[in-house]
Every structure is written in structure tokens, then in C-alpha cells.
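Novice:
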Amino acid sequence: MNLVEGFFLALEGIWSNKLRSFLTMLGITIGIAAVITVVAVGEGGRAVLMQEMEKIGSNLFAVYIPWNSSEMPRENELTLEDVTAIKELVPAVKYLAPSSFNQANISSGRKEKAVTVQGTTTDYGPLRNVEILHGRFLTSADVAAARPAVVIDEKLAAELFRSGDAVGQKVLLKGTSAVIVGVAKAESSFLSGGDQTSTAYIPITYWQQLFPRRPINQLEGQAASKDQVDPAMKLAARILERRHNAAPGRYQTMSMEQQMAVANRVTGILTLIIGAIAAISLFVGGIGVMNIMLVSVTERTREIGIRMALGARRQDIMGQFLVEAITISLAGGILGMLIGAGGAFAIAHFAHWPPLISWSTVAIAFAFSTAVGLFFGLYPANKAARLDPIEALRYE
168 MNLVEGFFLA
178 LEGIWSNKLR
188 SFLTMLGITI
198 GIAAVITVVA
208 VGEGGRAVLM
218 QEMEKIGSNL
228 FAVYIPWNSS
238 EMPRENELTL
248 EDVTAIKELV
258 PAVKYLAPSS
268 FNQANISSGR
278 KEKAVTVQGT
288 TTDYGPLRNV
298 EILHGRFLTS
308 ADVAAARPAV
318 VIDEKLAAEL
328 FRSGDAVGQK
338 VLLKGTSAVI
348 VGVAKAESSF
358 LSGGDQTSTA
368 YIPITYWQQL
378 FPRRPINQLE
388 GQAASKDQVD
398 PAMKLAARIL
408 ERRHNAAPGR
418 YQTMSMEQQM
428 AVANRVTGIL
438 TLIIGAIAAI
448 SLFVGGIGVM
458 NIMLVSVTER
468 TREIGIRMAL
478 GARRQDIMGQ
488 FLVEAITISL
498 AGGILGMLIG
508 AGGAFAIAHF
518 AHWPPLISWS
528 TVAIAFAFST
538 AVGLFFGLYP
548 ANKAARLDPI
558 EALRYE
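Here's what the structure looks like:
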């Protein structure tokens, strides 16, 4: 019996027991569909994450004091003078801005909203690509005079002022009067989420008046090029150690490249773990294939005896049942690929990121479904081939 003949015999056997064959291949279908969906959605999410981080800027870095340090950050460990010194001593630093954060309420008339108040300087605008829609960003004069100037995002402007024309309007920020000098475009990235708290940018000197005795959280910088990020941030940390007579390691650094590498590794591990869990259903489906093939051998014992009496060899009988098991697995695998691809596209559509279904994933799924049929069909096929012809003919 050749392979083509065995394939058609397998199809005939599957078609004669349609419902049983479908239920048998269902385990393979679910396993393949789950693996393809998880891998495609995971790869798509990772691609979007990397893209969003690239948008922020791959040549960004931060210098900070870790909160788990044995000694908590003090008020004077990061200062505006440090910013000036680093910009003078490290030519590779293109922009450098202090950043301090706190929660507060901002109000206009009867409307009041909770916002994240961020104290910073004029360098933060180009450093983080803050897009100004109306008015301007903070200036050096605002910082030098500690002016009560505020830059809010468009979402907050629409909530506080019905007309949306917020520039020049006065607001109360932590009980003090401040003037809105600019309206920035609201963040709408994959990383920021859909309902994040609005941010109000104010001069760092004004922030220190609103939140006295609170330290500057970190210094955020941008190097002139990606290659200069690592040496620039390390030199900045050493300058801070010398200026404040601090122990080595007191000032920590983190670049966007390092964060991207960590995020890429974490998402890869999560995709692998979830994919491995989904693959367990393939093993369960394989057991189902073996079970049905053993039932099929029992049901067709007399047929096997007749074929052997007519001259069929043991390898012919073994090949027939092995091809049937592989055909069931392959049919389930192909159906699983289609369902998996459809599921990946559906999930990606609602999550707003592209599903990345690679040919390697499809090839692995195809090979795996074949291997499941081969592995779990081998024992039933061997059992059928080892039947005694006389005993098989007597079987009722």
C-alpha cells in the first residue's frame, strides 16, 4: 500500500465516523489555535510597546536616588545647580531637566480636578517632545522668577473651561493663584493608557514653594546621540557624587535603551510561559487521538484479519492506522491555525495593535500537529500490525 492509497483510506475512515473524528481533532484544534493566538498577540503587543518607547526617545536617560536606599533622598541631593554643572561639564548632554511629582487639586470656579503636578524647567519640553497646542511651554524666566505659571493638557483645559480657551486664565493650585501659559497635547499612547490623570507642568522653583522640603525626584536628560547615552549618564552620576560627597552608587542611572531591553525580555518570557501552558492542550488532544485510534483498531479487528489473509503485510497495516492518526491531527492543526489566526486578528483589533503571525509560528504549529499524530498514533498502529490473522478473523 502506497502513501496516497493510505491517505484516501484514512479519509474514508474519518468520513465514516464524522462526529467522532471531529471531537477527536478538537483537542488538537484548540491547542494549535491557543498557541498561535497567544504568540501572535504577544508579539504584536511587544512590537507596539517597543514602538511607543522609541517614540519617547531611545537616547533618553535619568539620574535618580533609589527609594529603596538605606538613606532616603534629602532635599539638597539634586539641585538646579547640579543641572547647570552637568550641562557645562558633559557636552554630550543635549537637554537636562529636573523632575518632581506630586498630586494636587486644580480648580477654576466651581470645577475642580485632581492632577499630577510636575515641577520642571524649559528643557523638559523638547526633551519629552511636549507638543504645545496653544500658548507656550515654561521659559527660563519662569524658572528664575518662580512664576506661578502652569501648562496643562487639552483634556484638562476642556474639563475646566467650557470654551476650551484656557491660555491666560487663572486657576487655583494647592490654594495659590496661577496663570495658564500653555495648553499641551494630551498623551494618547499605548503606555499612558486611556484614563490617566492629567499633568500640570509648573516651574521647579514654584513647585518647591508649593511642596517645601520635598526633594527633586530625578534628573531627566537627552544625549546628542544614542551612542553617547551610556557615557553621558555615567559621567553625570560621577559629577553628582563629587558635588555632594556621596558614596559610589548613591546616584543610579537608567536609560530608555535599558528599559526597552527589560520590557522586551519580560514580554518574551510571558509569551513563552502562556504559550507553553496553551501547548498542554496539544498533549491532551494527542491522548484523545490515541484513545480513538485504539477504539478504531478494536472495531476493525476483523477487517485487519481479512486484509492480512489477502496478503497485506504488517507494515501495510501499521502504515494505514499511522496515516489515519496523522491525517486527523493535521486536519485539526489546519483548523486550529485558521481559528488561531482569526482569534489573533480579533483580539488585536480590540486592543489596537497589529497581530504578528510569523510563518515560523505556523510552520512550528504544522510540524507539531504532525508530530502529535505520529507519536500518539504509533502505539495503536503497532498494536493493529501485531494482531494474529487467525484470531483477527475469528473476532466478532
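So the sequence shown is numbered by my numbering: it starts at 168 and just counts up by one.
Positions of the beta carbon are idealized from the N, C-alpha and C atoms, including for glycine.
Keep in mind it's a predicted model, so treat the numbers as computed, not measured.
1. Could you tell me which residues DSSP puts in a beta bridge with residue 512?
2. CB residue 384 to CB residue 266, shorter than 7 Å?
3. Can you find a heavy atom of the ligand FAD that lies under 6 Å from the Cβ of residue 500?
4. Cα separation between residue 348 and residue 392?
5. Taking only the alpha-carbon atoms, compute the straight-line gap between residue 407 and residue 379 and give it to the nearest angstrom.
6. Let me know the secondary structure DSSP gives residue 418 once reduced to three states.
7. Starting from residue 366, trace the alpha helix (DSSP H) both ways and give me its first and last residue.
8. Hey, residue 460 and residue 488 are a contact pair by Cβ (cut 8 Å); roughly how many whole angstroms apart?
9. State buried or exposed for residue 298, treating a residue as buried only when at least 16 other CB atoms are found within 10 Å of its CB.
10. Sorted by chain position, which residues of the same chain lie with C-beta nearer than 6 Å to residue 465's C-beta, five sequence neighbours on each side aside?
11. Could you give the residue range of the beta strand (DSSP E) that holds residue 320?
12. For residue 315 and residue 373, which I take to be in contact (beta-carbon distance under 8 Å), what is that distance rounded to the nearest angstrom?
13. With DSSP as the reference, label residue 284 as helix, strand or coil.
14. Please list the terminal residues of the continuous beta strand (DSSP E) segment that includes residue 257.
15. So, with DSSP's three-state summary, where would you put residue 350?
16. Which residue or residues does DSSP assign as beta-bridge partners of residue 537?
17. Alpha carbon to alpha carbon, what distance is there between residue 437 and residue 449?
18. In chain order, what residues of the same chain lie with their CB nearer than 7 Å to the CB of residue 196, ignoring the 5 residues before and after it?
19. Excluding the five sequence neighbours on either side, which residues of its own chain have a C-beta within less than 7 Å of the C-beta of residue 480, listed in chain order?
20. Residue 392 by DSSP, collapsed to three states: which one?
21. Which first and last residues belong to the beta strand (DSSP E) in which residue 302 is found?
22. Which residues share a DSSP beta bridge with residue 343?
23. In whole angstroms, give me the CA-to-CA distance for residue 544 and residue 229.
24. Check for me: the alpha helix (DSSP H) holding residue 294 runs from which residue to which?
25. Applying the criterion that 16 or more other CB atoms from any shown protein chain within 10 Å of the CB defines a buried residue, is residue 474 buried or exposed?
Specialist: Based on what the coordinates show:
1. Counted from its first residue, the sequence shown places residue 512 at position 345. Answer is none; residue 512 lacks a bridge partner.
2. Residue 384 sits at position 217 when you count from the first residue of the sequence shown. Residue 266 sits at position 99 when you count from the first residue of the sequence shown. Cβ atoms of residue 384 and residue 266: closer than 7 Å.
3. Among the components modelled here there is no ligand, and therefore nothing to report on the ligand FAD.
4. One-based indexing of the sequence shown puts residue 348 at position 181. One-based indexing of the sequence shown puts residue 392 at position 225. C-alpha of residue 348 to C-alpha of residue 392: approximately 31 Å in a straight line.
5. Residue 407 sits at position 240 when you count from the first residue of the sequence shown. Residue 379 sits at position 212 when you count from the first residue of the sequence shown. Their backbone Cα atoms lie some 22 Å apart in a straight line.
6. For this step, residue 418 is matched to residue 251 along the sequence shown. In this structure, residue 418 counts as coil in the three-state DSSP scheme.
7. If you number the sequence shown from 1, residue 366 lands on position 199. Careful: residue 366 lies outside any alpha helix (DSSP H), inside the beta strand (DSSP E) at 366-370.
8. As a position in the sequence shown, residue 460 is number 293, starting the count at 1. As a position in the sequence shown, residue 488 is number 321, starting the count at 1. With a Cβ gap of about 6 Å, residue 460 and residue 488 count as contacting.
9. Position 131 of the sequence shown, counted from the first residue, corresponds to residue 298. Exposed, because fewer than 16 other Cβ atoms sit within 10 Å of the Cβ of residue 298.
10. Within the sequence shown, numbered from 1, the residue matching residue 465 stands at position 298. Within the same chain, and ignoring the five residues on either side of residue 465 in sequence, no residue has its Cβ closer than 6 Å to its Cβ.
11. Looking up residue 320 in the sequence shown gives position 153. Note, residue 320: beta strand (DSSP E), 316-320.
12. For the purposes of this step, residue 315 is identified with residue 148 of the sequence shown, where counting begins at 1. For the purposes of this step, residue 373 is identified with residue 206 of the sequence shown, where counting begins at 1. Between residue 315 and residue 373 a beta carbon distance of about 6 Å is seen, short of the 8 Å cut, so the two are scored as contacting.
13. For this step, residue 284 is matched to residue 117 along the sequence shown. DSSP places residue 284 in strand when its eight states are reduced to three.
14. For the purposes of this step, residue 257 is taken as the residue at position 90 of the sequence shown. From DSSP, residue 257 is part of no beta strand (DSSP E); its letter is neither H nor E.
15. As a first step, residue 350 is located in the sequence shown; it is residue number 183 there, counting from the start. Correct three-state label for residue 350: strand.
16. Here residue 537 refers to the residue found at position 370 of the sequence shown. Answer is none; residue 537 lacks a bridge partner.
17. Taking the sequence shown and counting its residues from 1, one reaches residue 449 at position 282. Taking the sequence shown and counting its residues from 1, one reaches residue 437 at position 270. Across the structure, residue 449 and residue 437 are spaced so that their CA atoms are roughly 19 Å apart.
18. Taking the first residue of the sequence shown as position 1, residue 196 is located at position 29. Here residue 196 has 499, 502, 503, 506 as same chain residues with Cβ atoms under 7 Å from its own Cβ, once five neighbours each way along the sequence are excluded.
19. Within the sequence shown, residue 480 is the residue found at index 313, counting from 1. Taken in chain order, the list of residues that qualify is empty.
20. Within the sequence shown, numbered from 1, the residue matching residue 392 stands at position 225. Shown here, residue 392 sits in coil according to DSSP, grouped into three states, outside any helix or strand.
21. By 1-based counting over the sequence shown, the position of residue 302 is 135. Residues 299-302.
22. The residue you call residue 343 lines up with position 176 of the sequence shown. Note: residue 343 sits in a beta bridge opposite 340.
23. Here residue 544 is taken as the residue at index 377 of the sequence shown, counted from 1. Here residue 229 is taken as the residue at index 62 of the sequence shown, counted from 1. Approximately 58 Å between the Cα atoms of the pair.
24. Indexing the sequence shown from 1 puts residue 294 at position 127. Counting along the chain, the unbroken alpha helix (DSSP H) around residue 294 starts and ends at 291-294.
25. In the sequence shown, counting from the first residue as 1, residue 474 sits at position 307. That one is buried.
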